[in-house]
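Numbers given in the working numbering equal positions in the sequence shown, counted from 1, plus 355.
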Amino acid sequence: MRPWIIGQVLQASAFQTFRGEELFPGTQVEQLDEIAAYIRDTADTLYHPVGTCKMGNDPMAVVNSRLQVHSIQGLRVVDASIMPTIVGGNTNAPTIMIAEKAADLLMAEEPTPVRN
Numbered sequence: 356m357r358p359w360i361i362g363q364v365l366q367a368s369a370f371q372t373f374r375g376e377e378l379f380p381g382t383q384v385e386q387l388d389e390i391a392a393y394i395r396d397t398a399d400t401l402y403h404p405v406g407t408c409k410m411g412n413d414p415m416a417v418v419n420s421r422l423q424v425h426s427i428q429g430l431r432v433v434d435a436s437i438m439p440t441i442v443g444g445n446t447n448a449p450t451i452m453i454a455e456k457a458a459d460l461l462m463a464e465e466p467t468p469v470r471n
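The structure is reproduced here in structure tokens:
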């Protein structure tokens, strides 16, 4: 019997008619340390990273509410990395809204003179 709960649940007789061949992690994975190693080796981000340049006022925040990088004049971050945590759905729509907000912020500002 597998020591983790989902392994035990899926082996219950109630699932017999639905249960086919186990593909992942495979029947050779039996112990908790083996399942932990399997998860470490196969887990992926699904290419939706967020929070690497989070917005906020706390010491770990990188940008302010105007998308400006703290302590660096003239630099903004306008992508999903400013979200403090991942949203419950796809990151595409919130990222588009971040870009729209950035466009509004930039359009409302006085143009910066070009230096030669």
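Heads up, the beta-carbon is just placed ideally off N, CA and C, and yes, glycines get one too.
For lysine 456, the closest alpha carbon among the candidates Asn471, Ile441, Pro466 and Ile437 is that of Ile437. Here glycine 362 has no same chain residue with a Cβ atom under 7 Å from its own Cβ, once five neighbours each way along the sequence are excluded.
By a beta-carbon distance limit of 8 Å, proline 404 does not contact isoleucine 390. Their separation comes to about 25 Å. With fewer than 16 other Cβ atoms inside 10 Å of its own Cβ, methionine 452 counts as exposed. Taking a cut-off of 8 Å for Cβ pairs, the segment 440-450 and the segment 384-401 do not touch, as fewer than three such pairs fall below it. A Cβ-Cβ contact shorter than 8 Å links valine 424 with valine 418. Annotation: the continuous alpha helix (DSSP H) that includes valine 364 extends over 360-365.
DSSP places methionine 452 within a helical segment (H, G or I) once states are collapsed to three. For tyrosine 393, the enclosing alpha helix (DSSP H) stretches over residues 387-397. Per the coordinates, the alpha-carbon of arginine 357 lies some 40 Å from the alpha-carbon of lysine 409. Here arginine 374 really is in contact with leucine 365; their C-beta atoms are around 6 Å apart, less than 8 Å. With contacts defined as CB atoms closer than 8 Å, alanine 435 and threonine 446 qualify as a contacting pair.
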